[in-house]
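Participant:
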Amino acid sequence: MLPPLDAQQRAHSERLAALVRAQLIEAGGWLSFERFMDLALYAPGLGYYSAGSAKLGPGGDFVTAPELSDLFSRCIARQCAAVLEATGGEILELGAGTGRLAAAVLSELAALDRLPGRYAILEVSADLAQRQRAHIARLPEALRQRITWLERLPEQPVRGVMLANEVADALPCRRFRREGTGINELGVALADGEPHRFVEKERAPDASLARAYAELLRDLPDPLPVGYTSELCLRADAWIASLAACLDRGLLLLCDYGLPRRHYYHPQRTGGTLRCHYRQLAHDDPFINLGVQDITAWVDFTRIAAAGHSAGLEVQGFATQAAFLLGCGIEELVLESGEGIEHARRAAEARRLLMPEEMGEAFKVMALARDLDIPLAGFVLQDLRHLL
Ligand SMILES: C[S@@+](CC[C@H](N)C(=O)[O-])C[C@H]1O[C@@H](n2cnc3c(N)ncnc32)[C@H](O)[C@@H]1O
Numbered sequence: 015m016l017p018p019l020d021a022q023q024r025a026h027s028e029r030l031a032a033l034v035r036a037q038l039i040e041a042g043g044w045l046s047f048e049r050f051m052d053l054a055l056y057a058p059g060l061g062y063y064s065a066g067s068a069k070l071g072p073g074g075d076f077v078t079a080p081e082l083s084d085l086f087s088r089c090i091a092r093q094c095a096a097v098l099e100a101t102g103g104e105i106l107e108l109g110a111g112t113g114r115l116a117a118a119v120l121s122e123l124a125a126l127d128r129l130p131g132r133y134a135i136l137e138v139s140a141d142l143a144q145r146q147r148a149h150i151a152r153l154p155e156a157l158r159q160r161i162t163w164l165e166r167l168p169e170q171p172v173r174g175v176m177l178a179n180e181v182a183d184a185l186p187c188r189r190f191r192r193e194g195t196g197i198n199e200l201g202v203a204l205a206d207g208e209p210h211r212f213v214e215k216e217r218a219p220d221a222s223l224a225r226a227y228a229e230l231l232r233d234l235p236d237p238l239p240v241g242y243t244s245e246l247c248l249r250a251d252a253w254i255a256s257l258a259a260c261l262d263r264g265l266l267l268l269c270d271y272g273l274p275r276r277h278y279y280h281p282q283r284t285g286g287t288l289r290c291h292y293r294q295l296a297h298d299d300p301f302i303n304l305g306v307q308d309i310t311a312w313v314d315f316t317r318i319a320a321a322g323h324s325a326g327l328e329v330q331g332f333a334t335q336a337a338f339l340l341g342c343g344i345e346e347l348v349l350e351s352g353e354g355i356e357h358a359r360r361a362a363e364a365r366r367l368l369m370p371e372e373m374g375e376a377f378k379v380m381a382l383a384r385d386l387d388i389p390l391a392g393f394v395l396q397d398l399r400h401l402l
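Adding 14 to a residue's 1-based position in the sequence shown gives its number in my numbering.
1) Going by DSSP, what residues sit across from D270 in a beta bridge?
2) Among G42, E28, R366 and C94, whose alpha-carbon lies nearest the alpha-carbon of C342?
3) Would you kindly work out how many angstroms separate the C-alpha atoms of L157 and V119, rounded to a whole number?
4) Spatial neighbours of C260 within its chain, please: CB distance less than 7 Å, with the 5 preceding and 5 following residues excluded, ordered by chain position.
5) Considering just the uninterrupted stretch of the alpha helix (DSSP H) at T316, what are its terminal residues?
6) For T162, write down the residues that DSSP places opposite it in a beta bridge.
7) Would you report the Cα separation of A381 and G61, rounded to the nearest angstrom?
8) Since L85 and E363 should fall inside the 8 Å C-beta cutoff, what is the C-beta to C-beta distance between them, to a whole number of angstroms?
9) Alpha carbon to alpha carbon, how far is D251 from F190? Give it in angstroms, no decimals.
10) Between C89 and L349, what straight-line distance do the alpha-carbon atoms span, to the nearest angstrom?
11) In terms of alpha-carbon separation, which member of V77, L200 and M176 lies closest to W44?
12) Please report the straight-line C-alpha distance between P18 and C247, rounded to a whole angstrom.
13) Count the other C-beta atoms from every protein chain shown that fall within 10 angstroms of the C-beta of P389, then say buried if there are 16 or more, exposed otherwise.
14) Give me, in chain order, the residues of the same chain whose beta-carbon lies closer than 8 Å to that of A54; leave out the 5 immediate sequence neighbours on both sides.
15) In the DSSP output, what is G201 paired with across the bridge?
16) Using only the alpha-carbon positions, how far apart do R366 and A79 sit?
17) Round the Cβ separation of T243 and G272 to the nearest angstrom and send it over; I've been treating them as touching at under 8 Å.
18) Tell me the residue span of the beta strand (DSSP E) that contains R173.
19) Comparing alpha-carbon positions, which option in P235, Q146 and H277 lies nearest D414?
20) Check whether the Cβ of W253 lies closer than 7 Å to any heavy atom of ligand 1, and answer yes or no.
21) Please identify the residue among I254, Y279 and M15 whose C-alpha is closest to the C-alpha of E229.
22) Of all the options R359, P237, R263 and L295, which has the alpha carbon lying nearest to the alpha carbon of P281?
Here you go:
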């Protein structure tokens, strides 16, 4: 059972619902799920990421790897250090959450004597950008001064590393259901006789979704059964293309929960991967708690790889989070963390990051590279590229 909203959250949620309702009516009574998710997460001042709820961390709705432990960020930093040594240049982080990853990566790079010239953050949420600034303000001046916030992707080509942890899963996605000989697109409408309740409604897919579905089918060994419902993130293509377009030389490192296409669209995964997160509880109803709960879908890493490839990037690594962190030396970092309670705490954090039933297996790390010919420690223990 989900905890009830307080009065302030209810009022907030009703304001966002009114906006969605108005757009829905203006659009003739139906919105694609992608448009609905866009409004639910990013409507200015009202969407989940745009507004002021706690969101990440133990007091929020979900915990990401950098929130769970700096061990994650220190491993990422070690991988960045190797790339920066080859390329020089900078780090650009997309969607930096509370700023914990940025702070911990910079601190580790300072300890490794491999600081980048600049650490830029591109964040779409004004609320989170403010929280990032507050977190970064606690860093020593020598680190703080390297961090800068961008309004859009840089015009100057980037050399170095681009990082995105749990950003691809927050991109609004389309939803579809197998029907008859093809698919219908799932969208949102108002319930008959209940104009304040949103419900799922199907219609014929538009050309872009129909095309993407046909491409998908070509990659799958088995047809999908009638009634099969899932997600397809068309926006990922343009997002990866835009990042690739400004990566001159170096690595785009993506960490997220997801699967290669054949596993993502497994015939038995009949309900798809869409999940909502509210106060550390996961459920699958995106139409409630509007603006106060997160909505995400798993990442089809085959789509990401293909988009990278089309943009001239090479997939240099694809592994589970556990294999990546072990390759980057997480065990050594735990051993170095002293004795007694501190060591036990670190070991427990590492277990949550590594264990298959926690974050170790569902989360994957993908390295997309341009003009980079160096061994990547995070991918020496496992190579899952053949599954893409
Ligand atoms: C699930 S949170 C992850 C935050 C952080 N990376 C972490 O791991 O704790 C998703 C983040 O991506 C941001 N975001 C979503 N779409 C984005 C985009 N197109 N470009 C940059 N940031 C984006 C959100 O505002 C939020 O900061």
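For every residue, glycine included, the Cβ atom is placed at its ideal position computed from N, Cα and C.
Facilitator: Put simply:
1) Bridge partners of D270: K378.
2) Measuring from the Cα of C342, the nearest candidate turns out to be C94.
3) Distance between the alpha carbons of L157 and V119 is about 10 Å.
4) L167, P168, P171 and V172
5) Annotation for T316: the continuous alpha helix (DSSP H) segment containing it runs F315 to S324.
6) Beta-bridge pairing by DSSP links T162 to A134.
7) 30 Å
8) Rounded, the Cβ-Cβ distance is 6 Å, consistent with contact.
9) 18 Å
10) 14 Å
11) L200
12) 31 Å
13) exposed
14) L30, V34, G61, Y62, P300, L304, G305 and I309
15) S46 and K215
16) 9 Å
17) About 18 Å; that fails the 8 Å criterion.
18) Segment V172 to N179, the beta strand (DSSP E) holding R173.
19) This structure leaves residue 414 out entirely; the chain is present only between 15 and 402.
20) yes
21) Y279
22) P237
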